[in-house]
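Here is the structure we will look at, set down as structure tokens.
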Amino acid sequence: MKLISRCCPRLHWQRDRPAFHLKIEKTVRTNGATSVAIYGGSGCRGAHAEILAVAERLKAPIAHTSRAKDALEHDNPYNVGMTGIIGGEAGYLAVSECETLLLLGADFAWRQFYPEHAKIVQIDLAPDHLGRRHPVTLGLVGDIKSTMEALLPRLKPRTSTEFRDKVVERHARAVETHRAKAVASDRGTIPPIYLTELINRHAASDAIFCADDGTPTVWLYRHIETNGKRRVFSSLLHGTMAAALPMSLGLQKCQPGRQVISMSGDGGLAMLFGELLTVVQEKLPIKIVVFDNGKLGFIDIEQKSEGMLPLYTGLQNPDFGKVAEAIGLWGRTVTKSAELEEAVVAWLNEPGPALLNVKVDPMTLVMPPKIEWGAAYGMVLYSAKAMLQGQSADVFAMIRENL
């Protein structure tokens, strides 16, 4: 069966198996493309080995969406991380600079992060996903695992690893840079990435992580390592808040023997104090960490990048540790980096529900893989306005925390 689509000029069903795989192979091979990349989404779950085999045959780096982090990141020598707003430079370059892109089980929404001139082969179980986000050269309806199994013997091995080696090496350097920054501040304050690194280090090898949308989601997807057993969850929908705690409740109910960690923002948790009562009532041993930066952090950053002085983003928070104790959880608040690791270990080892409130540096920025001129100009404009309004201390703190 063959369908014609304006966005997807060649769309085929997998029942035409021989032609189906020959068309993929021909598209990948044509025009002597020197750089091929794979961009995998949540549809790649269960196809880890098959995708790695295809990547080896094509000498292709593997970038992944945030939803595919725990499906493709682990045990993957070709991993280059994510692209997009919360991605890294290596993932961004792999997708944007390749000449042929295999888009596998991915419905990534942000058009500006797709390659402008590459041939794109998109494979997905959902026909309505094909060509929905960006025009594609060839669109095919099929299961990723079985498609990769059938495609592999038909692919002619490529020899040049130059493109893959370049972006894989860049990703490795970025990981080392992130680790070097994930340390206690010399001022005794607590960077949020240091808190996340300690959680990553001491959490169970099969822990389940949930994060509120906003900066906790960024720290989760950038700094929590998956290993084939850990799972990561967040809403990943624009404009949503406070998803981590309710997701953690449901996940702990369906996975009673596993460690479930809610990485909550202060704004998100304040919206759901009632759910803390549910945690106690249901005797759910979830571990809640609050990234208490005293504001709606992601919105604060967005406003600054538009050249605005932050408006209605500041929060007047209670001591969340004492609130937790009053409700019936184990609760503690940490303000100094020297006390943090011991507190993280005690919190994770608590047998019942536990809440750790951490006062993190409020000026840490989320840096995208590519800084657009408009955002850079916006930050300069914000800085100038803040200085004129007598908020120079905030500007200097932002510079100091992000150097």
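For the sequence shown, the numbering used here begins at 131 and goes up steadily by one.
Beta carbons are placed, not taken as given, at the ideal position from N, Cα and C, and that holds for glycine.
- Query: First and last residue of the beta strand (DSSP E) that includes Y169?
  - Reply: Locating residue 169 in the sequence shown gives position 39, counting from the first residue. Where Y169 is concerned, the enclosing beta strand (DSSP E) stretches over V166 to G170.
- DSSP three-state assignment for C384, whether helix, strand or coil: For this step, residue 384 is matched to residue 254 along the sequence shown. C384 falls in the helix class under three-state DSSP.
- Message: Between T494 and P245, how many whole angstroms is the CB-CB distance? I'm expecting something under 8 Å.
- Response: Walking along the sequence shown from the start, residue 494 turns up at place 364. Walking along the sequence shown from the start, residue 245 turns up at place 115. Not confirmed; about 31 Å, so no contact.
- Query: Thinking C-alpha only, which one of K189, A236 and K359 is nearest V297?
  - Reply: What you label residue 297 is simply residue 167 of the sequence shown in a count that begins at 1. Minimum Cα distance to V297 is reached at K189.
- Message: Just list the residues that DSSP pairs R361 with in beta bridges.
- Response: The count along the sequence shown starts at 1 and reaches residue 361 at position 231. R361 pairs with I338.
- Message: Please identify the residue among G171, L470, P481 and A468 whose C-alpha is closest to the C-alpha of D254.
- Response: Position 124 of the sequence shown holds residue 254. The shortest Cα separation from D254 among G171, L470, P481 and A468 belongs to G171.
- Message: For the alpha helix (DSSP H) containing S411, name the first residue and the last one.
- Response: Sequence index remark: in the sequence shown, residue 411 carries index 281 (1-based). A small fix is needed here, since residue 411 is Gln in this sequence, not Ser. Per DSSP, Q411 belongs to the alpha helix (DSSP H) from F403 to Q411.
- In three-state terms, what does DSSP make of T465? Along the sequence shown, one-based indexing puts residue 465 at 335. Reduced to three states, the DSSP call for T465 is coil.
- Collapsed DSSP secondary structure at V474 in the structure displayed: Within the sequence shown, the letter at position 344 stands for residue 474. V474 falls in the helix class under three-state DSSP.
- CB contact below 8 Å: T277 versus chain D: Absence of chain D from the displayed structure is noted, only one protein chain being present.
- Query: In angstroms, rounded to a whole number, what distance separates the CA positions of L233 and V410?
  - Reply: To locate residue 233, count along the sequence shown from 1; it is residue 103. To locate residue 410, count along the sequence shown from 1; it is residue 280. Each residue's alpha carbon lies about 44 Å from the other.
- Message: Would V420 and L399 qualify as a contact pair, given that the criterion is a beta-carbon distance under 8 Å?
- Response: Looking up residue 420 in the sequence shown gives position 290. Looking up residue 399 in the sequence shown gives position 269. Yes, the Cβ-Cβ distance between V420 and L399 is below 8 Å.
- Message: Going by the DSSP bridge assignment, what does V420 pair with across the sheet?
- Response: Taking the sequence shown and counting its residues from 1, the one referred to as residue 420 is at position 290. V420 is bridged to S394 and N487.
- Can you tell me the Cβ-Cβ gap for G218 and H301, rounded? I've got them flagged as a contact below 8 Å. The sequence position of residue 218 within the sequence shown is 88, counting from 1. The sequence position of residue 301 within the sequence shown is 171, counting from 1. Indeed, because the Cβ distance is near 7 Å, the residues count as touching under 8 Å.
- Which whole runs of the beta strand (DSSP E) in the region 264-352 are 3 residues long or more, in chain order? 268-271 and 338-341
- Task: Mind checking who N209 pairs with in its DSSP beta bridge?
- Result: For the purposes of this step, residue 209 is taken as the residue at position 79 of the sequence shown. Answer by DSSP bridge pairing, in chain order: I192.
- Item | 6 Å CB neighbourhood of H178 in its chain, flanking five on each side removed | One-based indexing of the sequence shown puts residue 178 at position 48. The answer is none, since no qualifying residue turns up.
- Item | Where the alpha helix (DSSP H) containing V251 begins and where it ends | Along the sequence shown, one-based indexing puts residue 251 at 121. Run containing V251: none in the alpha helix (DSSP H); it sits in the beta strand (DSSP E), K249 to D254.
- Message: Starting from L232, trace the beta strand (DSSP E) in both directions and tell me its first and last residue.
- Response: Locating residue 232 in the sequence shown gives position 102, where the first residue counts as 1. That run of the beta strand (DSSP E) goes T230 to L234.
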